[in-house]
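This is the structure in structure tokens:
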């Protein structure tokens with residue numbers, strides 16, 4: 020085994036996690052390599068030193084500061100986290116597009132012409148709607164007349180007891 | 015409740031990691047502020063202690079990266095770390111105290127992730143599985159990281175011993 024490989028196995032060796040075969044190989048290496056043996060001793064002392072560090076007590080001042088945190092948090096509990104919800108992303112995208120188009124309109128040097136064009140479009144559109152509405156009205160009237168004629172003609176059929184010779188209105 | 019249960023543990027973790035008592039107090043306070051802000055994100059199916067220590071670990075390492083404490087010195091090794099019992103004679107205790115001093119200062123030479131892994135395993139006495147859970151790393155990575163950190167510290171002790179012999 021090389022010294023590099025031994026280094027990789029040192030912790031496992033100290034913690035007794037190696038198989039018997041590996042353990043024997045490592046021990047054989049230590050017998051012939053004082054450098055690795057010294058490193059093992061150093062590792063053992065390191066672990067001893069680390070485990071001997073005592074736990075420190077929290078100072079009363081820090082304890083009081085920590086106990087005061089929840090109340091402070093309640094006072095400023097409003098959060099803007101909801102703005103990061105994925106569900107709002109399409110809304111933000113649409114708002115961005117709308118604002119971009121609006122800025123093109125508001126800051127365009129040719130704004131008066133745009134206003135005029137929009138005005139014309141709106142008026143012509145309004146006229147078209149009015150015409151369409153009028154047509155729809157006359158169509159409804161005609162449809163009503165036709166329905167009445169059909170009703171009268173059906174009533175005049177002999178099977179319903181009418182006179183077929185009676186003229187349509 | 016949370017403060018009573020976890021303040022000592024978090025403060026000690028911060029102190030062992032940062033090496034400064036004053037810094038550790040400020041970091042502990044920051045960690046608890048973060049905890050209260052993140053409580054609504056806690057998944058009740060997870061182990062709370064591991065989740066909280068992960069949050070603490072993230073804050074400590076992030077702050078370390080921003081402030082680079084390695085430029086600052088750790089607190090002087092003092093009587094706070096004195097040997098618990100004088101069981102094997104004064105000379106042996108002096109050696110152990112010298113080792114603790116070197117290891118305490120040597121912790122600053124470890125990369126933050128390695129330092130955190132060594133502290134959790136060897137000072138805080140967590141199992142490898144718990145350390146892997148807190149660091150959110152595979153078990154094998156954690157074991158090799160801890161071994162690497164210990165070796166770095168062991169080499170400091172070994173070199174110091176060789177220097178002492180050379181004198």
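Protein chains in written order, with this note's numbering: chain Y, 20 to 188; chain F, 15 to 181.
Where is the CB? At the ideal position from N, CA and C, for every residue including glycine.
Since the model is a prediction, treat every value here as computed from it, not as a measurement.
Per-residue DSSP class, three states only, for residue i
i	result
residue 86 of chain Y	helix
residue 117 of chain F	helix
residue 111 of chain Y	helix
residue 14 of chain F	In the structure displayed, chain F extends from 15 to 181; residue 14 of chain F sits before or after that span and is not available.
residue 22 of chain Y	helix
residue 154 of chain Y	helix
residue 118 of chain Y	helix
residue 142 of chain Y	helix
residue 73 of chain Y	coil
residue 89 of chain F	coil
residue 131 of chain Y	helix
residue 20 of chain F	helix
residue 57 of chain F	coil
residue 71 of chain F	helix
residue 174 of chain Y	helix
residue 104 of chain Y	coil
residue 163 of chain Y	helix
residue 51 of chain F	helix
residue 46 of chain F	helix
residue 179 of chain Y	helix
residue 31 of chain F	helix
residue 126 of chain Y	coil
Nearest-angstrom Cβ-Cβ length linking residue i and residue j, presumed shorter than 8 Å
i	j	result
residue 44 of chain F	residue 73 of chain F	6 Å
residue 147 of chain F	residue 64 of chain F	5 Å
residue 46 of chain F	residue 17 of chain F	7 Å
residue 33 of chain Y	residue 66 of chain Y	7 Å
residue 171 of chain F	residue 24 of chain Y	Incorrect: roughly 22 Å between the Cβ atoms, too far for contact.
residue 32 of chain F	residue 41 of chain F	6 Å
residue 168 of chain F	residue 58 of chain Y	6 Å
residue 124 of chain F	residue 154 of chain F	Rounded, the Cβ-Cβ distance is 19 Å, inconsistent with contact.
residue 26 of chain F	residue 69 of chain Y	Actually they are not in contact, since the Cβ atoms of residue 26 of chain F and residue 69 of chain Y sit about 13 Å apart, beyond 8 Å.
residue 30 of chain F	residue 117 of chain Y	Not a contact, Cβ separation roughly 54 Å.
residue 149 of chain F	residue 80 of chain F	Going by Cβ atoms, the distance from residue 149 of chain F to residue 80 of chain F rounds to 20 Å, so no, they are not a contact pair.
residue 119 of chain F	residue 159 of chain F	Not a contact, Cβ separation roughly 20 Å.
residue 165 of chain F	residue 29 of chain Y	7 Å
residue 206 of chain Y	residue 22 of chain F	In the structure as shown, chain Y starts at 20 and stops at 188, and residue 206 of chain Y therefore has no counterpart that could be examined.
Cross-chain neighbours of residue i in chain F, by beta carbon under 8 Å
i	result
residue 81 of chain Y	21, 25, 39, 42 and 43
residue 24 of chain Y	The premise fails here: residue 24 of chain Y is roughly 12 Å from chain F at the closest Cβ pair, so nothing lies under 8 Å.
residue 105 of chain Y	Simply none; closest approach about 15 Å.
residue 128 of chain Y	What residue 128 of chain Y touches in chain F: nothing, since even the nearest Cβ is about 47 Å away.
Proximal chain Y residues relative to residue i, where beta-carbon distance stays under 9 Å
i	result
residue 171 of chain F	60, 61, 62, 64, 65 and 68
residue 159 of chain F	Within chain Y, no residue comes near residue 159 of chain F; the closest Cβ sits about 10 Å away, beyond 9 Å.
residue 79 of chain F	What residue 79 of chain F touches in chain Y: nothing, since even the nearest Cβ is about 24 Å away.
Under 7 Å from the C-beta of residue i: neighbouring residues of chain Y
i	result
residue 168 of chain F	58, 61, 62 and 65
residue 123 of chain F	Per Cβ cutoff of 7 Å: no residues; residue 123 of chain F is ~13 Å from chain Y at best.
residue 88 of chain F	Within chain Y, no residue comes near residue 88 of chain F; the closest Cβ sits about 12 Å away, beyond 7 Å.
residue 69 of chain F	Near residue 69 of chain F there are no residues of chain Y at all, since even the closest Cβ is about 14 Å away, more than 7 Å.
residue 74 of chain F	Near residue 74 of chain F there are no residues of chain Y at all, since even the closest Cβ is about 16 Å away, more than 7 Å.
Listed by chain order, chain Y residues near residue i by CB distance under 8 Å
i	result
residue 30 of chain F	72
residue 108 of chain F	Correct list: empty, because the minimum Cβ distance to chain Y is about 13 Å.
residue 200 of chain F	The displayed coordinates of chain F run from 15 to 181. Any statement about residue 200 of chain F would go beyond what the structure contains.
Partners in chain F for residue i, counting only beta-carbon separations shorter than 7 Å
i	result
residue 84 of chain Y	43
residue 89 of chain Y	50
Cβ-heavy atom distance, residue i to the ligand HEM, below 8 Å
i	result
residue 53 of chain Y	Ligands displayed in this structure: none; no statement on the ligand HEM is therefore possible.
Original post:
the segment 125-137 of chain F: which residues have C-beta closer than 9 Å to a C-beta of chain Y, in chain order?
Top reply: 132, 133, 135, 136 and 137
**OP:** Anything in the segment 56-76 of chain Y with a Cβ closer than 9 Å to a Cβ of chain F? List those residues in chain order, please.
**Re:** 57, 58, 59, 60, 61, 62, 63, 64, 65, 66, 67, 68, 69, 70, 71, 72, 73, 74, 75 and 76
**OP:** Enumerate, from N- to C-terminal direction, the unbroken alpha helix (DSSP H) stretches of 4 or more residues contained entirely within the segment 108-164 of chain F.
**Re:** 126-132 and 142-149
Subject >> Residues of the segment 44-62 of chain F whose Cβ lies closer than 8 Å to any Cβ of chain Y, in chain order >> reply: 46, 47, 50 and 51
Original post:
Got a sec: which bits of the segment 142-157 of chain F sit with their beta carbon under 8 Å from any beta carbon on chain Y, in order along the chain?
Top reply: 157
Original post:
What residues from the segment 26-49 of chain Y come within 8 Å of chain F, judged by C-beta to C-beta, listed N to C?
Top reply: 26, 27, 29, 30 and 31
**OP:** Could you list the residues in the segment 113-146 of chain Y with a C-beta less than 9 Å from some C-beta on chain F, going in chain order?
**Re:** none
**OP:** May I have a chain-ordered list of the beta strand (DSSP E) segments no shorter than 3 residues that lie completely inside the segment 28-72 of chain Y?
**Re:** none
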